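Just so you know, we're using the working numbering here: the sequence shown kicks off at 27 and counts up by one. Using N, Cα and C, we set each Cβ at its ideal position, and we do this for glycine too. Keep in mind the model is a prediction, meaning the values are calculated, not measured. In what follows, a single structure is set out as structure tokens and then discussed.
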Amino acid sequence: MPDLLVRDVDEATVARLKERAHLNGRSLGAELRMILEQAATQVAMTTARALAEQMARRLAGRTHTDSAELLREDRDR
27 MPDLLVRDVD
37 EATVARLKER
47 AHLNGRSLGA
57 ELRMILEQAA
67 TQVAMTTARA
77 LAEQMARRLA
87 GRTHTDSAEL
97 LREDRDR
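What follows is the structure, given as structure tokens:
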């Protein structure tokens, strides 16, 4: 796995991160990995939501067939 190095982090911020890690029963490194993973996931979800909203706008006003009807028809053949 790649390593990351973050320079010039305020001492108060480091202290808060250490406290957060302690409260969550993790090492500082594990806590930082968790924070980074959550942030990366949130970015992915934001992108997914934006794409879903874009699709919804493009499909707005169109009539859509009920997928349950299509599945039932397929099954009954």
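Exposure label - residue i; buried when at least 16 CB within 10 Å
i: residue 57; result: buried
Straight-line gap, residue i to residue j (C-alpha atoms, nearest Å)
i: residue 43; j: residue 68; result: 20 Å
i: residue 90; j: residue 62; result: 40 Å
i: residue 45; j: residue 72; result: 29 Å
i: residue 83; j: residue 70; result: 20 Å
i: residue 31; j: residue 38; result: 18 Å
i: residue 34; j: residue 40; result: 10 Å
Sub-8 Å separation of residue i and residue j beta-carbons
i: residue 54; j: residue 47; result: yes
Chain D within 8 Å of residue i, Cβ atoms only
i: residue 78; result: Reference to chain D is not applicable here, since this structure consists of a single protein chain.
*Taking only runs that begin and end inside the segment 47-76, name each unbroken alpha helix (DSSP H) of 4 or more residues, in chain order.*
none
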